[in-house]
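J.: Take a look at the following structure, please.
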Amino acid sequence: MLFNSANYAIFLITALLLFWSSPRRIRVYVIVGLSFYFYMYSYPIYFFLLAILTLFNFAMGLEMSRRPQSARLYLTLALTLDLLSIAFYKYANFAAHTLQSMLGFVGVKTNFVVAEITLPLGISFFTFQMMSYIINTYRGERAEESFWNFAAYVSFFPHLAAGPILRPTTMLPQIKGEQHYDEEQVVRGMFLIAQGLIKKIAFADYLGSYVDKVYAAPADYHGLAALIAVYAYAFQIYFDFSGYTDIAIGCSKLLGFQIPINFDLPYISKSPREFWRRWHISLSSWLRDYLYISLGGNRKGRWRTHFNMMTTMVLGGLWHGANWTFVLWGTYHGILISAQRFLEEQFEFFRRLSAKKSAVLSALATVFTFHLVCLGWVLFRSKSISQAGTVLGNIFRAAFVWNSAQTPIVLMLALAVISHVMRSKWDMESWYVRMPAPVQAFGYACVTIVIYLFFTTEQRFIYFQF
Amino acid sequence: MSVVRLVLKLIVGLIYAVLAAILLYFPFAQILAYVARETRLFQFQQTLQVEDSLLPCLGLAVIYFVVSVIRRMLEPAADVLGENSKNQSDDSK
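Read top to bottom, the protein sequences are chains A and B.
Residue numbering for the first sequence follows the numbering used here, starting at 46 and increasing by one per position.
Residue numbering for the second sequence follows the numbering used here, starting at 26 and increasing by one per position.
Structural data, given as structure tokens:
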């Protein structure tokens with residue numbers, strides 16, 4: 046069920062009516078029921094996958110706290126099942142195709158048939174949540190004793206399809222506590238839903254229509270046309286994913302839950318490391334806490350730190366999808382972060398750069414980082430490495446000629462940049478909450494008109510495929 | 026008045042039952058359809074698709090909301106919200 050569909054609107058109204066009308070003691074069952082219904086909407090059969098994984102991880106967590114001497118065994122069992130589930134549904138085809146290609150390269154011709162497996166919705170997100178719960182329990186946190194509380198934490202529908210990846214310490218206390226109807230939170234929730242829809246429908250889908258055309262026939266677009274597609278995709282993916290997150294946070298607020306932010310204006314970052322502190326925060330902090338630190342972090346010497354950073358970023362890239370372009374994208378970001386650390390270690394100038402408050406230097410660093418990130422997005426968007434090469438190569442293969450057909454896309458990009466810079470200076474959400482009801486109503490009316498003007502068809506969110 | 030309360034309670038119970046049945050119907054229908062297709066021992070036709078259940082669920086939610094409002098008017102809010110029963114069970118401990 047897409048957040049930008051009429052069906053989701055019906056579902057959300059149903060959910061709010063059921064949730065707030067229910068006695069407090071049964072609200073957790075209502076949340077679980079609604080979440081499982083939401084999940085079944087894509088493929089009902091995967092209800093069993095979600096239910097079995099939830100039950101197994103819950104049981105392992107409980108056993109871990111009851112028998113601490115065998116905690117390692119339960120941790121291994123739970124992590125194995127979680128990782129096997131992702132490996133089977135997400136990477137089986139990729140591994141089989143890669144093996145087939147490698148065998149073909151050395152002269153062995155194989156013809157084994159690889160079944161096309163439909164990816165269960167949100168598997169990368171909910172398995173990571175279960176893994177964080179299991180690892181936290183292993184590290185000494187108290188295990189959840191109610192299955193329904195745990196099931197609500199894993200499957201809470203606003204973030205089930207594409208995150209944010211929630212930590213048990215953030216969500217479980219809220220589920221166990223009482224949800225109070227708070228008018229300010231409702232207004233904030235409505236604002237975020239409206240903002241998310243604008244980001245998705247007016248910005249992401251509009252820019253996406255141009256990007257899709259370019260990537261469908263990259264050989265036909267040269268010079269400025271190809272360059273605009275690169276910038277357009279950078280903003281498309283940001284507005285698409287952050288729009289989804291805004292709607293998820295907004296819906297949670299309507300139900301009385303607080304979900305942490307997942308994006309903090311990533312394109313104003315002044316370095317690759319800062320970018321990863323602002324982009325998909327829940328994933329990057331998950332990778333830092335459970336992978337980078339588990340590998341030894343920066344505690345095992347200089348070269349090991351670089352190795353750990355590279356490994357974390359490569360696996361982070363692979364998490365996004367089963368394709369070599371994602372592996373390369375992760376490696377690219379690993380190199381960027383590693384290079385930044387290396388330069389800061391070696392040269393005084395780079396160490397002092399982040400502390401300098403010069404506006405010119407800051408602007409230059411922001412523009413430079415943005416372009417480094419854009420280069421990575423070309424790999425991320427391309428179906429193959431050769432396609433990425435074609436798109437990048439074509440930018441320099443022709444003169445930059447202005448085409449009037451590009452004007453609306455460029456205007457939209459300018460608007461995207463302005464909105465990005467403006468948000469860093471102005472907390473619009475808090476301002477909107479303080480406005481009188483008629484002004485708020487006018488705002489919703491404007492949003493409805495914009496959505497009506499831009500809406501063509503229900504476009505999937507990019508991160509739903511992960 | 027007690028009859029009215031009983032009827033309202035019955036409606037709420039029925040809504041819970043129907044919603045639970047809707048929730049369980051789809052995954053089990055898929056399993057049944059799969060078994061029927063593979064074994065050819067019997068035939069199974071799924072009568073309701075997930076998207077077709079959205080509006081009936083909304084209808085039930087509206088009825089549930091209305092019934093809850095009426096129950097809160099008839100009884101102390103704590104009874105409807107389930108707080109009294111919780112307090113009682115806490116006291117009994």
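Positions of the beta carbon are idealized from the N, C-alpha and C atoms, including for glycine.
A quick note: this is a predicted structure, and the numbers were derived from the prediction, not measured.
Looking at the secondary structure, which residues open and close the alpha helix (DSSP H) in which Thr-452 (chain A) lies?
T.: As a working mapping, residue 452 (chain A) is identified with position 407 in the first sequence. Note, Thr-452 (chain A): alpha helix (DSSP H), 452-470.
J.: What's the gap between the Cα of Met-98 (chain B) and the Cα of Leu-332 (chain A)?
T.: Taking the first residue of the second sequence as 1, we reach residue 98 (chain B) at position 73. Taking the first residue of the first sequence as 1, we reach residue 332 (chain A) at position 287. Each residue's Cα considered, the two are about 51 Å apart.
J.: By how many angstroms is the C-alpha of Arg-69 (chain A) removed from the C-alpha of Gly-222 (chain A)?
T.: Start at 1 with the first residue of the first sequence, and residue 222 (chain A) comes out as number 177. Start at 1 with the first residue of the first sequence, and residue 69 (chain A) comes out as number 24. Cα to Cα, Gly-222 (chain A) sits roughly 10 Å from Arg-69 (chain A).
J.: Give me the residue from B:Gln-70, B:Leu-44 and B:Ala-45 with the minimum Cα distance to Ile-56 (chain B).
T.: Walking along the second sequence from the start, residue 56 (chain B) turns up at place 31. Ile-56 (chain B) has its Cα closest to that of B:Gln-70, out of B:Gln-70, B:Leu-44 and B:Ala-45.
J.: DSSP three-state call for Ala-404 (chain A): helix, strand or coil?
T.: Taking the first sequence and counting its residues from 1, the one referred to as residue 404 (chain A) is at position 359. If DSSP states are grouped into helix, strand and coil, Ala-404 (chain A) belongs with the helices.
J.: What residues in its chain sit with their C-beta under 6 Å from that of Gln-281 (chain A), if we drop five residues either side in the sequence?
T.: Residue mapping note: residue 281 (chain A) aligns to position 236 of the first sequence, counting from 1. Contacts found: Ala-249, Leu-252, Gly-253 and Val-256.
J.: Look at the alpha carbon of Lys-118 (chain B) and the alpha carbon of Arg-96 (chain B), and state the distance between them as a whole number of angstroms.
T.: Stepping through the second sequence from its first residue, residue 118 (chain B) is reached at position 93. Stepping through the second sequence from its first residue, residue 96 (chain B) is reached at position 71. Unreliable placement is indicated for Lys-118 (chain B), whose pLDDT of 38 sits below 50; the coordinate value is still reported in the next sentence. Going by the C-alpha atoms only, they are around 28 Å apart.
J.: Can you tell which of B:Leu-73, B:Tyr-41, B:Arg-65 and B:Ile-36 has its C-alpha closest to the C-alpha of Phe-53 (chain B)?
T.: Counted from its first residue, the second sequence places residue 53 (chain B) at position 28. Of the listed residues, the one whose Cα sits closest to Phe-53 (chain B) is B:Leu-73.
J.: Between the stretch 431-444 of chain A and the stretch 324-341 of chain A, are three or more C-beta pairs nearer than 8 Å?
T.: no
J.: Which residues in chain A sit within 9 Å of Glu-76 (chain B), going by Cβ to Cβ distance?
T.: Locating residue 76 (chain B) in the second sequence gives position 51, counting from the first residue. Those are Met-46, Asn-52 and Tyr-86, listed as they occur along chain A.
J.: Under 7 Å Cβ to Cβ from Val-60 (chain B), same chain only, skipping five residues before and after it: list those, please.
T.: By one-based count along the second sequence, residue 60 (chain B) stands at place 35. Excluding residues within five positions, none has a Cβ falling inside 7 Å.
J.: Name the chain B residues whose beta carbon is nearer than 7 Å to that of Leu-63 (chain A)?
T.: Within the first sequence, the letter at position 18 stands for residue 63 (chain A). What Leu-63 (chain A) touches in chain B: Ala-86 and Tyr-89.
J.: Can you name, in chain order, every residue of its own chain whose Cβ lies under 7 Å from the Cβ of Trp-65 (chain A), other than the five neighbours on each side?
T.: Numbered from its first residue, the first sequence carries residue 65 (chain A) at position 20. Setting aside the 5 residues that flank it on each side, Trp-65 (chain A) is surrounded in the same chain by Tyr-226, each with a C-beta closer than 7 Å to its C-beta; the list follows chain order.
J.: 8 Å is my cut-off, CB to CB: does Phe-81 (chain A) come that close to chain B?
T.: Position 36 of the first sequence, counted from the first residue, corresponds to residue 81 (chain A). Taking Cβ atoms only, chain B reaches closer than 8 Å to Phe-81 (chain A), which makes this a yes.
J.: Start and end of the alpha helix (DSSP H) containing Asp-257 (chain A)?
T.: Along the first sequence, read from residue 1 onward, the residue named residue 257 (chain A) stands at position 212. It spans 250-261 - the alpha helix (DSSP H) in which Asp-257 (chain A) sits, taken as one unbroken run.
J.: Decide if the stretch 237-248 of chain A is in contact with the stretch 422-432 of chain A; the criterion is three or more beta carbon pairs, one per stretch, under 8 Å apart.
T.: no
J.: For the structure I just gave you, are there three or more beta carbon pairs, one from the stretch 225-239 of chain A and one from the stretch 310-321 of chain A, closer than 8 Å?
T.: no
J.: Is Lys-470 (chain A) buried or exposed, if buried means 16 or more other CB atoms sit within 10 Å of its CB?
T.: Start at 1 with the first residue of the first sequence, and residue 470 (chain A) comes out as number 425. Exposed: under 16 other Cβ atoms inside 10 Å.
J.: When DSSP labels each residue in this structure, what does Ala-141 (chain A) get in the three-state scheme?
T.: Taking the first residue of the first sequence as position 1, residue 141 (chain A) is located at position 96. The answer is helix: DSSP assigns Ala-141 (chain A) an H, G or I state.
J.: Leu-164 (chain A) and Tyr-136 (chain A) look like a contact to me (Cβ under 8 Å); what is the Cβ gap, rounded to whole Å?
T.: As a position in the first sequence, residue 164 (chain A) is number 119, starting the count at 1. As a position in the first sequence, residue 136 (chain A) is number 91, starting the count at 1. Incorrect: roughly 10 Å between the Cβ atoms, too far for contact.
J.: With H, G and I counted as helix, E and B as strand and the rest as coil, what does DSSP make of Gly-38 (chain B)?
T.: The residue given as residue 38 (chain B) occupies position 13 in the second sequence. Helix at Gly-38 (chain B).
J.: Between which two residues does the alpha helix (DSSP H) holding Ser-327 (chain A) run?
T.: The residue labelled residue 327 (chain A) in the question sits at position 282 within the first sequence. Its alpha helix (DSSP H) spans residues 326-331.
J.: What are the complete alpha helix (DSSP H) segments, minimum 4 residues, inside the stretch 72-124 of chain A?
T.: 72-85 and 91-111
J.: Measuring only between beta-carbons, confirm whether Gly-288 (chain A) sits less than 8 Å from chain B.
T.: Indexing the first sequence from 1 puts residue 288 (chain A) at position 243. Not closer than 8 Å to any Cβ of chain B, the Cβ of Gly-288 (chain A) fails to qualify, so no.
J.: The alpha helix (DSSP H) with Trp-447 (chain A) in it runs from where to where?
T.: Counted from its first residue, the first sequence places residue 447 (chain A) at position 402. Where Trp-447 (chain A) is concerned, there is no enclosing alpha helix (DSSP H), given that its DSSP letter is neither H nor E.
J.: Per DSSP, what kind of secondary structure is Val-190 (chain A) in: helix, strand or coil?
T.: To locate residue 190 (chain A), count along the first sequence from 1; it is residue 145. Residue identity differs from the one stated: residue 190 (chain A) is Glu in this sequence, not Val. Coil.
J.: Pick out whichever of A:His-378, A:Trp-369 and A:Leu-328 has its Cα sitting closest to the Cα of Phe-352 (chain A).
T.: Within the first sequence, residue 352 (chain A) is the residue found at index 307, counting from 1. When each option's Cα is compared against that of Phe-352 (chain A), the closest is A:His-378.
J.: Rounded to whole angstroms, what is the Cα-Cα separation between Lys-111 (chain B) and Ile-71 (chain A)?
T.: Counted from its first residue, the second sequence places residue 111 (chain B) at position 86. Counted from its first residue, the first sequence places residue 71 (chain A) at position 26. Bear in mind that a pLDDT of 48 at Lys-111 (chain B), under 50, signals an unreliable position, so the model cannot answer this.
J.: Determine whether the Cβ of Asn-112 (chain B) lies closer than 8 Å to any Cβ atom of chain A.
T.: Start at 1 with the first residue of the second sequence, and residue 112 (chain B) comes out as number 87. Because the pLDDT of Asn-112 (chain B) is 47, which lies under 50, any placement of that residue in the model is unreliable, and the question is left without a value.
J.: Measure the CB-CB distance between Val-75 (chain A) and Ser-67 (chain A) and report whether it falls below 8 Å.
T.: Sequence index remark: in the first sequence, residue 75 (chain A) carries index 30 (1-based). Sequence index remark: in the first sequence, residue 67 (chain A) carries index 22 (1-based). Their beta carbons are under 8 Å apart, which means Val-75 (chain A) touches Ser-67 (chain A) by this criterion.
J.: Which value, in whole angstroms, describes the spacing of the CA atoms of Pro-453 (chain A) and Leu-144 (chain A)?
T.: If you number the first sequence from 1, residue 453 (chain A) lands on position 408. If you number the first sequence from 1, residue 144 (chain A) lands on position 99. Roughly 45 Å between the two C-alpha positions.
J.: Can you list, in chain order, the residues of the stretch 30-54 of chain B whose Cβ is nearer than 8 Å to any Cβ on chain A?
T.: Leu-44, Ala-45, Ile-47, Leu-48, Phe-51, Pro-52 and Ala-54
J.: How far does the alpha helix (DSSP H) with Ser-287 (chain A) in it extend, from its first residue to its last?
T.: As a first step, residue 287 (chain A) is located in the first sequence; it is residue number 242 there, counting from the start. Here the alpha helix (DSSP H) through Ser-287 (chain A) covers 268-299.
J.: For Trp-374 (chain A), which option in A:Ser-427, A:Phe-395 and A:Leu-460 has the closest C-alpha, if you only look at C-alpha atoms?
T.: Residue mapping note: residue 374 (chain A) aligns to position 329 of the first sequence, counting from 1. Comparing Cα positions, the closest option is A:Ser-427.
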